[in-house]
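J.: Please see the structure below; I have some questions.
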Amino acid sequence: MRSLGFKFSALVVALLVLASLALTWMATRHERQALEAEVRKRGQALASNLAEDAKVPLLEEDQLALEVLVGHAGNEDGLTAARLLDRTGTVVASLDRSETGLVLEAQTNGAGDEVRRIENLLWIAAPVVYSDVPVGEAQIALDLQVLVEPVVTDSQAQLSAVAAGILVLGVVGGIGFVALLVGPIRRLRAGVERLTDGDLATRVPATSGDEVGELTHAFNKMGESLQQKERIQSAFGRYVNDYVLTALLEGPAGEQLQGAEREVTILFADIRSFTRLSEGMKAGDVV
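Heads up, the sequence shown is in the numbering used here, so the first residue is 1 and it goes up one at a time.
Structure below.
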């Protein structure tokens with residue numbers, strides 16, 4: 001049979017584990033969202049800067065300058081793709097040289113930044129505008145797996161360490177609390193066992209003012225009542241017939257003893273010279 005201490009400790013551990021998991025999940029989720037928002041802002045800034053720097057080279061069809069701009073953008077951490085499109089959608093410069101010359105669909109149509117997420121890649125497109133006229137588009141891709149996940153993983157490790165510490169403290173505190181709670185109950189159980197074995201003088205000291213303390217007081221009162229009943233029964237047993245004593249002790253409260261009709265047999269016997277014999281004897285010897 002599992003003890004109350006084991007059950008309470010298991011409950012505390014389960015609650016702490018669930019609370020730690022929930023808090024870790026919420027914290028990492030919030031952090032991931034915040035990091036992704038920062039990556040988005042950074043990507044929009046990179047795409048806008050690339051588009052701003054590529055205006056003149058696009059108009060002048062300066063291939064070398066365009067490739068330098070794309071290569072410089074590729075030095076950013078987590079950036080996996082960068083390319084420049086002219087007004088026809090043709091790729092004029094790209095980190096992936098195999099894309100040069102391909103015709104792709106523009107994402108912005110000159111109407112502001114466009115952000116798309118494809119799996120772990122965050123694609124950001126910014127229009128290249130010269131004198132309010134769209135002349136091309138800058139596109140970059142940032143890898144969220146590289147930029148976000150390492151930070152989230154590190155945070156999860158730190159939160160797990162903190163949760164483990166809290167779990168250990170909770171278990172230690174739970175064991176201490178259980179010891180305080182179960183100690184009086186165990187003493188009360190030992191008192192009940194002694195009382196069951198016939199030790200009516202058993203008393204258990206009440207160490208708290210809670211429900212367990214009230215139960216202890218009730219147990220002590222019960223012991224006093226049983227002990228008093230035992231004294232009365234022992235005293236009456238010396239002078240009263242067992243039948244009468246049982247009727248007194250076990251009868252309903254307030255019921256008075258009454259006469260009863262019984263068929264009995266009476267034997268009258270006489271001892272010759274009994275009077276002369278008993279005159280010189282004590283009462284106890286006569287009986």
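All C-beta atoms, glycine included, are put in the ideal place defined by N, C-alpha and C.
(1) Do A47 and Q158 come within 9 Å of each other at the CB atom, strictly closer than that value?
(2) Just to confirm, is the Cβ distance from R83 to V70 under 9 Å?
(3) Taking the alpha-carbon positions, what's the Q33 to G176 distance?
(4) Straight-line CA distance for V128 to W25?
(5) Is I124 buried or exposed, if buried means 16 or more other CB atoms sit within 10 Å of its CB?
(6) Have a look at A190, A10 and P205 and flag the residue whose alpha-carbon is nearest the alpha-carbon of D199.
(7) V103 and V91: beta carbons closer than 9 Å?
(8) Can you give me the start and stop residues for the alpha helix (DSSP H) that D154 sits inside?
(9) Rounded to a whole number of angstroms, what is the C-alpha to C-alpha distance between Y130 and S94?
(10) Report the three-state DSSP secondary structure of R231 (helix, strand or coil).
(11) Could I get the ranges of all uninterrupted beta strand (DSSP E) runs contained in the stretch 96 to 121, with 3 residues as the minimum, in chain order?
(12) How far does the alpha helix (DSSP H) with P57 in it extend, from its first residue to its last?
(13) Could you pull out every residue in the same chain whose Cβ sits closer than 6 Å to the Cβ of P57, ignoring the five residues on either side in sequence?
(14) Can you tell me which of D143, L11, H72 and R186 puts its alpha carbon nearest to the alpha carbon of L79?
(15) In terms of alpha-carbon separation, which member of G223, R194 and E36 lies closest to N120?
(16) What do you get for L50, buried or exposed, if any count of 16 or more other CB atoms within 10 angstroms of its CB means buried?
(17) Can we count L66 as close to the ligand GDP, meaning its CB is less than 8 Å from some heavy atom?
(18) Judging by CA-CA distance, which residue of A179, A163 and D113 is the nearest neighbour of A40?
(19) Quick check on the DSSP output: the alpha helix (DSSP H) that includes E279 runs from which residue to which?
(20) Pull up the DSSP beta-bridge partners for S94, would you.
(21) Classify A161 as buried or exposed, calling it buried when 16 or more other Cβ atoms lie within 10 Å of its own Cβ.
(22) Determine the contact status of L181 and L16, defining contact as a CB-CB distance below 9 Å.
(23) V12 and V151 - do their beta-carbons sit closer together than 9 Å?
(24) Less than 9 Å separating the beta-carbons of V178 and S9?
T.: In terms of the structure at hand:
(1) It is not a contact, given that the beta carbons lie outside the stated cut-off.
(2) One thing to note: R83 has its Cβ within 9 Å of the Cβ of V70.
(3) Distance between the alpha carbons of Q33 and G176: 40 Å.
(4) The alpha-carbon atoms of V128 and W25 are separated by roughly 41 Å.
(5) Flag for I124 reads buried.
(6) Minimum Cα distance to D199 is reached at A190.
(7) If you check the CB distance, V103 and V91 come in under 9 Å.
(8) Residues E149 to T196.
(9) The alpha-carbon separation between Y130 and S94 amounts to approximately 21 Å.
(10) In the three-state scheme derived from DSSP, where H, G and I count as helix and E and B as strand, R231 is classed as helix.
(11) The stretch 96 to 121 contains these whole beta strand (DSSP E) runs: 114 to 118.
(12) Run containing P57: K55 to E60, per the alpha helix (DSSP H) assignment.
(13) Closer than 6 Å at the Cβ level, and outside the excluded window around P57, lie A65 and L66.
(14) Closest option to L79, Cα to Cα, is D143.
(15) Selected option, being the one with the closest Cα: E36.
(16) Per the 10 Å Cβ criterion, buried.
(17) The ligand GDP is not among the ligands present in this structure, which contains no ligands whatsoever.
(18) It is Arg, not Ala, that sits at residue 40 in the sequence shown. The residue from A179, A163 and D113 with its alpha-carbon nearest to that of R40 is D113.
(19) Its alpha helix (DSSP H) spans residues F274 to E279.
(20) Bridge partners of S94: R83.
(21) Counting every other CB atom within 10 Å of its CB across the protein chains shown gives A161 a total below 16, marking it as exposed.
(22) In this structure, L16 does not lie closer than 9 Å to L181 by Cβ.
(23) Not in contact: V151 and V12 (Cβ atoms no closer than 9 Å).
(24) Yes; because the gap between Cβ atoms is below 9 Å, this pair is in contact.
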